[in-house]
Amino acid sequence: MLRVRVLGGGREVGRAAVTVSLGDGRQSLLLDYGVNFDEEDKPRFPEHVKPSEVAGLVLTHAHLDHVGAAPMLHVTSKVSTVATALTKRLCEIMIKDFIKISGYYLPYEEVDLYNMIDGIPDYSYENEVQLGDYRVKLLNAGHIPGSSMAYVEAGEYSVVYTGDVNTIDTRLVSRARVSGVKADVVIIEGTYGWVKHPPRELVEKEFLEAIKEVTDRGGNVLIPAFSLGRAQEILTLLYEGFEGNVFYDGMIRQIYEVFISYPEYINKYEELLKSKEEFKPVVRPSQRRRIVDGRGNVIVASAGMLKGGPAVYYLKKLAGDPLNAVFMVSYQAPGTPGRHLLEDGIPSEEVGPVKARVQWFDFSSHAGVDGLLELLKSFSNVKHVVVVHTSEKAGKYFTEKIRETMNDVSVHLPHNNEEIMIE
Ligand SMILES: [Zn+2]
Ligand SMILES: [Zn+2]
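Using the working numbering, you'd call the opening residue of the sequence shown number 766 and step up by one each time.
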């Protein structure tokens, strides 16, 4: 008997946390331990788990919705934790920043973060590690640099937990490949389980043309972007396809440096390196003023949903002129300023109505429904599929599609705290 219990990310996107367990009082294996945020931007945590009941923790990648709660397990004890070397480094940066911004709401401190980080061995794809009853191997997930899927052997069962996954090649990471990997149970994300993404080349072409249009007429373009992954993907694309002044601002700078020092995790490393050499970081407030007063400038700045960071400064300065543009390239969660900007043209009271051109481009780092189905079918021996990290709507659509296209497979769409027993 294998038990799969969903502690977070059941019919919701974020606070990913799943345990796999052989039962009979044996310890379980914890896969991710993340957070998400309520309407007031306060962090929400997954169901509690006792460190003494956990044989090990796998962190698939450094986004806070997968790792933001993990240091909680290292406050009073130690839990053996594995992640790729790059994820380990990025976790340190992301969680330190999280403590700086939301520390008041967190049940752990920086010292607990370092207890966790210092205990993670240097680890890469395809290495195997034994955590109690569970043998774990990390496979490339194609989502962001360093991201992995967890392949787990538990007794007679083989299980794959995809974490967040992408099935197309991007500049930063090559796509997830699993052909022939045996998985009796696949625990798969379904963020875009109801979406067909447009072909990436088409999105890139439209994006570059739109930027050229705006800058040719003397307008400035603000591109709010997530500082981990999306920003560097966009900067590398701009290096290849746009000639003009490009600047980047915010935590993007620090993560750019980290990516540069981990070439083995980057798909188009040369292009990434050249883009960093070519484009200019913004390090002083006076530079910001010169950029917004100038013409034909492109600024990639965090935060991606305009919840804060230098992007908000640029937005305020550029919003009033229809010659300028704000091009959104990241997911916009409901209730965020970025989502408000797309839906009604007013990101916040503070900024007011935006007269600049506003447009959204689908640069998702999650597979859409076709990619997810293709991925599922390329495993061998699949008997159970558990869909997590998905909205109610996307989850229902996706599970229906799985039932339509795969025979003899039990499909589950669990709620939080639900346990699935597998014979
Ligand atoms: Zn992610
Ligand atoms: Zn996620």
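Positions of the beta carbon are idealized from the N, C-alpha and C atoms, including for glycine.
**Item:** Three-way DSSP call (helix, strand, coil) for L1140 in this model
**Value:** On the sequence shown, residue 1140 is found 375 positions in, with the first residue counted as 1. Helix.
**Request:** Figure out for me which residue from F810, Y890, T846, Y926 has the closest Cα to the Cα of G716.
**Result:** Nothing in the structure corresponds to residue 716, since the chain is present only between 766 and 1188.
**Asked** What does a CB cutoff of less than 7 Å around E875 pick up in its chain, not counting 5 residues either side in sequence?
**Response** Taking the first residue of the sequence shown as position 1, residue 875 is located at position 110. Counting only Cβ-Cβ distances below 7 Å, and skipping sequence neighbours, we find K861, I864.
**Prompt:** Considering only the beta carbon of each residue, do F972 and V1011 sit closer than 8 Å?
**Reply:** As a working mapping, residue 972 is identified with position 207 in the sequence shown. As a working mapping, residue 1011 is identified with position 246 in the sequence shown. Result no, Cβ atoms of F972 and V1011 do not sit closer than 8 Å.
**Request:** May I have a chain-ordered list of the beta strand (DSSP E) segments no shorter than 3 residues that lie completely inside the region 1069-1154?
**Result:** 1090-1093, 1122-1125, 1149-1153
**Message:** So, under 8 Å CB-CB, V901 and V1150 are touching, yes? Tell me the CB distance rounded to an integer number of Å.
**Reply:** Sequence index remark: in the sequence shown, residue 901 carries index 136 (1-based). Sequence index remark: in the sequence shown, residue 1150 carries index 385 (1-based). Between V1150 and V901 the Cβ distance is about 20 Å, and since that is not below 8 Å, they are no contact.
**Message:** Whole angstroms are fine: how far does the CA of S1051 sit from the CA of P1075?
**Reply:** Position 310 of the sequence shown holds residue 1075. Position 286 of the sequence shown holds residue 1051. When rounded, the distance between both Cα atoms is 13 Å.
**Request:** Would you mind reading off the limits of the beta strand (DSSP E) that contains R770?
**Result:** Residue mapping note: residue 770 aligns to position 5 of the sequence shown, counting from 1. Segment 767-773, the beta strand (DSSP E) holding R770.
**Prompt:** If you count every other CB in all the chains shown that lies within 10 Å of the CB of T935, and 16 or more means buried, which is it?
**Reply:** Here residue 935 refers to the residue found at position 170 when the sequence shown is read from its first residue. With 16 or more other Cβ atoms within 10 Å, it is buried.
**Asked** With distances taken between CB atoms, is the gap from A1066 to Y1004 smaller than 8 Å?
**Response** As a first step, residue 1066 is located in the sequence shown; it is residue number 301 there, counting from the start. As a first step, residue 1004 is located in the sequence shown; it is residue number 239 there, counting from the start. The answer is no: Cβ separation not under 8 Å.
**Neighbour-count burial assignment, M859, 16 or more Cβ in a 10 Å radius** = Mapped onto the sequence shown, residue 859 falls at position 94. So M859 ends up on the buried side.
**Request:** Look up V960 in the DSSP assignment and say whether it is helix, strand or coil.
**Result:** Counting from 1 along the sequence shown, the entry for residue 960 is found at position 195. Coil.
**Asked** With distances taken from CA atoms, which of N880, S1175, A990 is nearest G1015?
**Response** If you number the sequence shown from 1, residue 1015 lands on position 250. With distances taken between Cα atoms, G1015 lies closest to A990.
**Prompt:** Residue ranges of each alpha helix (DSSP H) run of no fewer than 4 residues wholly in the region 982-1039, ordered along the chain?
**Reply:** 995-1006, 1017-1025
**Request:** Pick out the complete alpha helix (DSSP H) segments inside the region 798-873, 4 residues or longer, and give them in chain order.
**Result:** For the region 798-873, whole alpha helix (DSSP H) runs of length 4 or above, ordered along the chain, are 829-832, 850-867.
**L896 (DSSP reduced to helix, strand or coil)** = As a working mapping, residue 896 is identified with position 131 in the sequence shown. Residue state, collapsed to three classes: strand.
**Item:** Enclosing beta strand (DSSP E) for L794 [first to last residue]
**Value:** As a working note, residue 794 is residue 29 in the sequence shown. Element bounds for L794: 793-796.
**Asked** Cα separation between E978 and S1026?
**Response** Translated into the one-based positions of the sequence shown, residue 978 becomes position 213. Translated into the one-based positions of the sequence shown, residue 1026 becomes position 261. Going by the C-alpha atoms only, they are around 35 Å apart.
**Message:** Please state the DSSP three-state secondary structure of L973.
**Reply:** Position 208 of the sequence shown holds residue 973. Here L973 sits in helix by DSSP.
**Request:** Report yes if the CB atom of L824 is closer than 8 Å to the CB atom of A835, and no otherwise.
**Result:** Looking up residue 824 in the sequence shown gives position 59. Looking up residue 835 in the sequence shown gives position 70. Contact flag set, yes.
**Prompt:** Taking DSSP as the reference, what is the three-state secondary structure of V925?
**Reply:** Counting from 1 along the sequence shown, the entry for residue 925 is found at position 160. Three-state DSSP puts V925 in a strand.
**Request:** Between the Cα of L903 and those of A850, L1083, E1114, spot the shortest distance and give me the residue it belongs to.
**Result:** Working through the sequence shown from its first residue, we reach residue 903 at position 138. Nearest option by C-alpha distance: A850.
**Prompt:** Whose C-beta lies closer than 6 Å to the C-beta of L822 among residues of the same chain, with five residues either side of it excluded?
**Reply:** To locate residue 822, count along the sequence shown from 1; it is residue 57. These residues qualify, in order along the chain: L795, V844, T846.
**Request:** Name the residue from Y870, V819, D1109, L838 whose alpha carbon lies nearest to the alpha carbon of E805.
**Result:** For this step, residue 805 is matched to residue 40 along the sequence shown. Out of Y870, V819, D1109, L838, Y870 has the C-alpha closest to the C-alpha of E805.
**Asked** What separation, rounded to the nearest whole angstrom, lies between the Cα atoms of P886 and E857?
**Response** Taking the sequence shown and counting its residues from 1, the one referred to as residue 886 is at position 121. Taking the sequence shown and counting its residues from 1, the one referred to as residue 857 is at position 92. Between P886 and E857, the C-alpha separation is close to 14 Å.
**Asked** Can you round the beta-carbon distance between Y873 and V840 to whole angstroms, since I take them to be within the 8 Å contact cut?
**Response** Reading the sequence shown from its first residue, position 108 is the one you call residue 873. Reading the sequence shown from its first residue, position 75 is the one you call residue 840. With 8 Å as the limit, Y873 and V840 qualify as a contact, their Cβ atoms being about 5 Å apart.
**Request:** Write down the C-beta distance between S732 and H962 rounded to the nearest angstrom, noting that I regard them as a contact closer than 8 Å.
**Result:** One cannot answer for residue 732 here, as it falls past the ends of the chain, which runs 766 to 1188.
**Prompt:** With 8 Å set as the bound, which would you pick, yes or no: does the beta-carbon of R1060 sit closer than that to a beta-carbon of chain C?
**Reply:** Checking the listed chains, one finds no chain C in this structure; it contains a single protein chain.
**From R854, G958, V894, residue whose alpha carbon lies closest to that of A820** = For the purposes of this step, residue 820 is taken as residue 55 along the sequence shown, with counting starting at 1. Minimum Cα distance to A820 is reached at V894.
**Asked** If we ignore side chains and look at the alpha-carbon of each, how far apart do R1049 and D929 end up?
**Response** Position 284 of the sequence shown, counting from 1, holds the residue named residue 1049. Position 164 of the sequence shown, counting from 1, holds the residue named residue 929. Straight-line Cα distance between these residues: approximately 35 Å.
**Prompt:** Rounded to whole angstroms, how far is the Cβ of R1053 from the Cβ of V1047, which I believe are closer than 8 Å?
**Reply:** The residue you call residue 1053 lines up with position 288 of the sequence shown. The residue you call residue 1047 lines up with position 282 of the sequence shown. Between V1047 and R1053 the Cβ distance is about 6 Å, and since that is below 8 Å, they are a contact.
**Message:** To the nearest angstrom, how far is the alpha carbon of I1031 from that of D789?
**Reply:** Locating residue 1031 in the sequence shown gives position 266, counting from the first residue. Locating residue 789 in the sequence shown gives position 24, counting from the first residue. For I1031 and D789, the gap between their C-alpha atoms comes out near 42 Å.
**Asked** Is I909 helix, strand or coil when you go by DSSP?
**Response** Translated into the one-based positions of the sequence shown, residue 909 becomes position 144. Three-state DSSP puts I909 in coil, outside helix and strand.
**Prompt:** With a Cβ-Cβ cutoff of 8 Å, do V922 and L1140 count as a contact?
**Reply:** Here the question's residue 922 lines up with position 157 in the sequence shown. Here the question's residue 1140 lines up with position 375 in the sequence shown. It should be pointed out that residue 922 corresponds to Tyr in this sequence rather than to Val. Against a cut-off of 8 Å, the Cβ pair of L1140 and Y922 comes out as no contact.
**Item:** Proximity of K1148 and S1113 at Cβ, strictly below 8 Å
**Value:** If you number the sequence shown from 1, residue 1148 lands on position 383. If you number the sequence shown from 1, residue 1113 lands on position 348. No. Outside cutoff.
**Prompt:** Just to check, is the beta-carbon of G907 closer than 7 Å to a non-hydrogen atom of ligand 2?
**Reply:** The residue given as residue 907 occupies position 142 in the sequence shown. It does not: the Cβ of G907 is nowhere closer than 7 Å to a heavy atom of ligand 2.
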